[in-house]
Structure formats: structure tokens, C-alpha cells
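Just add 863 to wherever you are in the sequence shown, counting from 1, and you've got the numbering used here. The C-beta atom is built at its ideal place from N, Cα and C for all residues, glycine as well. This report refers to the structure that appears directly beneath it.
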Amino acid sequence: MIRARLLLSALALPLFAPAAQQPAFDRSQVPALGTAPALTVPTVRTSRLANGAALKVVEQRELPLVHITLQFAGGGRLDNDTPGLASFVATMIREGAGARDANALQSELAYLGASLSANADWDNSTVTLRVAKRNLDAALDLMADVVLRPTFAAADVRRQRDLRLAGLLQQKDQPRSIATQAFNRAMFPAGHPYRRSLGGDSAATAALDSAMVRAFHDGAYRPLRATFTVVGDIGDAEARALLERRFGTWTVRGAERRPAPVLVGATRTPSRRLILVDKPGAAQSVIMIGAPGLERTSADYAAIQVMNTILGGSFSSRLNTNLRETKGYTYGANSGFQWRPLPGAFVASSDVRTDVTDSSLVEFFNEIRAIRDTPVSDAELARAKAYIALGIPGDLESTSQIAGQITALALFNLPLSWLQEYVTAVNAVTTADVQRVARRYVPDDAATIIVVGDLAKVRAGIEALNLGSIAIVTVEELAQP
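Written out as C-alpha cells, the structure reads:
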């Protein structure tokens, strides 16, 4: 009984000191930003395998893990007359390799605790392996089979082809997919690779067969196009020896696949234009506002990133604060530039309630005009610069993050150490720089506007805004080449 009373007495004691003893804290004030520490980046050791494949190694011994990314330059730009071929081949190399079918391959990976994935974007086809160091040898054997000896069985090709056709059919009922397709067709002219969907279309997909898939693989997955990026509990010499053992005898077959020349750039419009796509019964409207972008190597890159962080590149950005937090029109609104070897586009977008489609367009252009016409405050500028500079160390924590940074920068022939220069450039951006790049690169009178929604409910309100010329496009028309 005495013990119980003592326990109850102890539980009755306050867990925290009285409020009077706590330091005063004003929750109405935003905490002051601290000084960003100097950025240090890992050392990248570069070399080549005997067959010419590039090798980049970052030794990171904190955890017994290894991350390997193998990239082949080209990606969707090698599709040429068969849209979606690169991404389809990336899917197929996981469907059976060497003596294993897809089930056996996944079973062995699961036994090793390894993750092996493959994908293709516009510029690269990529195979990624993540595994504990103790199982690296066995996992590399599987990776080598996937890269060098995919089976491309006819039955597997047919099955994946049918799955993709079903997926393409579903996309015709998804407003966001429809809007993206309409935006790309409006922004990039015929003959430009970014005009088409990376996943292809129904006509091209229906024609896929084993021979076509194998010919693409032989022409695109070649050592002189390849770059291995290895990050983790491994040194340069060990990584090179392990890769030479599996990939050293890699020989090419067939003709090399090359991208079609790009003779035209993004379409610039002299005046604002709207393209409306009818989606009867849609609960929301998808809005995309854009214009041609610029080269990633532009001297304005740091200023543009700071400006866009303020406009729509962060959760606390003006667009998201206005449309989500203040108006309650959407779950999120954002903006950004598509940074690719070929200039992409600037795009600001959101999925908004149908009944506020016209009001959302008004708020988009209010924010676009505000950042173009009015200098940002010193506090807003400081927050945006800190958001970028303080976020970079967090992007260099794990093996996969380091590999991702290396491969992303390699698209533009930039080393990992460039991040230090970038932080310096960001910190040097001024209020005048932000306004200058906003006026130059964020569209107002020359914007292309895509709206996908129930036109019976939203068209009259949009027309009343007098934003520009209006064209009505059907989903079926978007499916045409």
C-alpha cells in the first residue's frame, strides 16, 4: 500500500517545469534563419572500364550498402518512329534474363534483399541496383544478366504490350494525363521528341514485337553509351574489378541506334492562347499555364530557381499559399522549369474544383503579374535562398541520393562539386535578379493555357475573363499523331 501511494505521488509530480520558468517564446514571429554551413560534397573518382564504359565511384562507409546506377545515353529520344519504345524495353529487361524468367529473377532478388529496377526517361535508359555489401557479388550476377542477356520472350512481350495498351486506354479518362498531352502538343511542334508521350501511343504499342524490342536493346544498350555510378561501402579498385568481371567481355551487336535530329524548338506564341479540352462529368479542372523554357546552362539558372521557389517551387510558395491555403481551391498548386538537354518548358499547374476554374485562372495570373511587376521582399528572398541552400546537404545523405545527384548533373556535363558553386550563386541572387528573370521567363501575355474539365460548367466563366483566343480540342484529336 505504501509503495502504491509513493508511485501515485510520483505520478502526480509535474512532468515539466512551471510555465513561469520557461523562456518566453513568441509564436507570432517566424524564427530567424541561421547561417548556412559551408557545403562539402563527396569525392567522385572517375575512370573507364576496358570496354569504354565510364565509371564513377563514391566511397561511403557509414552503412554496409552499395547503390549502382547504370545509365545509357539516349532514352526516349531514341524512339524515333516508334513512340514509347525506350520505356517499353526498360520494362521488358526485367521480364526474364539469362536462365531465369521474371518470377525466378524476382525471387532471387528478394532472397538477396536486393532491389533492381529499370526505366527510361527522355535522355537515358537506366538500370539501378541496391543491395547490402555482403550480397553484392550475387546481385551483380543478376544485374549483368538483365543488362546483357534479357530473354525478350514473345509471350512476355505480348503480355506487357497488352498491359500497356490497357494503361493507355485508362489515360484517356484521366484529366491530368489529358492535360499533359495537350500541353506538350501545344508547346512542342511536330518533329520534336517532347511533343509525344514517353509511354507512346496505342498505334505504336500495338505494333511492338520481340524483334523490335531486341533490335532497340542491341542498338541502345552499348558500353560506349554506358556510365556506371557506384556509391556505398566499396572503393574504386574493388568496384572496377567487380564490374570488369561481369561486363568486361560485353560486345555490341547490330547497328547503333541514334536519335533523330531536332530541327525545331519549342513553339513561341505572340499572344496569350487558351486550349480547352472537354471532360464531361469531371469533378475537377486541370489547369496548365506555360511557355518555352531555356537551356540548363543559362547564367540565369540560380536566379530562376530562387524566383520559382517564391512563385511555385515550394509548399510555402505564393501559388500554393494563395490557391490552397487562402482560397481553398485545390490541394496544391506549383510551378517549375523542365530542365533537359533540349530546352523544356515553364509550367504552372493545379487541379482545382470545377466551380472555381475561372477564379483559379484569375489567381494564377495575379501571382504571375505580381512576381513580374513588384520586387519581392528581403525576407521572402532570404527564405527562398535558404530553402535551396539548406536543402542540398539533405540531398546528399544516402547512397541513392548521391547517385541521383551525380547522374542528374551528368546530363549537363556538370561534376558533383558544381553544387558548391551553385550554393554560392544562389546566395548572390538579389531582389533585382528575381524580378528581371521573372519578367523575362515567366509568361503573361504570351502564355499558353490548357484547361481540361467539364466545359458545360466552366467554359462561360473562362470566356468571360477574355484571357485570349480560345480553341476547343477533343480527347480524340489529341490521340492523333
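Sequence-distant partners of V1239 (beyond 5 residues in either direction) whose C-beta falls short of 7 Å from its own C-beta, in its chain, are I1173, T1294, V1297.
Burial is judged here by how many other beta carbons sit within 10 angstroms of a residue's own beta carbon; L992 has at least 16 and is buried.
Unbroken beta strand (DSSP E) stretches of 3 residues or longer found wholly inside the stretch 987 to 1064: 987 to 995, given in chain order. L1071 and G1117 have their alpha carbons spaced roughly 19 Å apart. Here the alpha carbon of D1258 sits roughly 16 Å from the alpha carbon of T1092. Under the 8 Å Cβ criterion, the stretch 1203 to 1218 counts as touching the stretch 1153 to 1173, having at least three qualifying pairs. A1242 is not a Cβ neighbour of V1289, given a cutoff of 7 Å. Distance from the CA of A1066 to the CA of D986, rounded to the nearest whole angstrom, comes to 23 Å. Counting only runs of 3 or more residues that sit fully inside the stretch 882 to 934, the beta strand (DSSP E) segments are 908 to 911, 917 to 922, in chain order. Ranking P1124, R1121, P1133, G1082 by CA distance to the CA of T1114 puts G1082 first. Under the three-state reduction of DSSP, G1082 is assigned to helix. Sequence-distant partners of N943 (beyond 5 residues in either direction) whose C-beta falls short of 6 Å from its own C-beta, in its chain, are A1123. Using a Cβ-Cβ distance cut-off of 8 Å, the stretch 969 to 982 and the stretch 907 to 923 are not in contact, since fewer than three pairs of beta carbons, one from each stretch, lie closer than that value. In chain order, L918 place their CB closer than 6 Å to the CB of S910, counting only its own chain and leaving out the 5 sequence neighbours on each side. Going by DSSP, R1187 is part of no alpha helix (DSSP H) at all; its letter is neither H nor E. With distances taken between CA atoms, S1180 lies nearest to A1247 out of V907, L1003, T1112, A1247. Residue state for D1241 is assigned as helix, using DSSP reduced to three classes.
Annotation: the continuous alpha helix (DSSP H) that includes A1233 extends over 1220 to 1236. When I956, L1026, T932, Y1304 are compared, the shortest CA-CA separation from A1273 is found for T932. Secondary structure note for I1333: its beta strand (DSSP E) is the uninterrupted segment 1332 to 1336.
Classified as exposed, I1335 has fewer than 16 neighbouring CB atoms from the shown chains inside 10 Å of its CB. Counting every other CB atom within 10 Å of its CB across the protein chains shown gives V1009 a total of 16 or more, marking it as buried. With contacts defined as CB atoms closer than 7 Å, H1055 and V1169 fail to qualify as a contacting pair.
In terms of Cα proximity to R1109, the closest of A1001, D1019, N966, M1151 is A1001. By the Cβ neighbour-count rule, E1188 is exposed, with fewer than 16 other Cβ atoms within 10 Å of its own. Rounded to the nearest angstrom, the gap between the Cα atoms of S1177 and D1004 is 42 Å.
If you look at G1316, you'll find it in the beta strand (DSSP E) that goes 1311 to 1316.
Under a 10 Å Cβ-count criterion, P1038 is classified as buried, with 16 or more other Cβ atoms of the shown protein chains found around its own Cβ. Going by C-alpha positions, D1308 is about 10 Å away from F1228. Assigned with DSSP and collapsed to three states, I956 falls in coil, not helix or strand.
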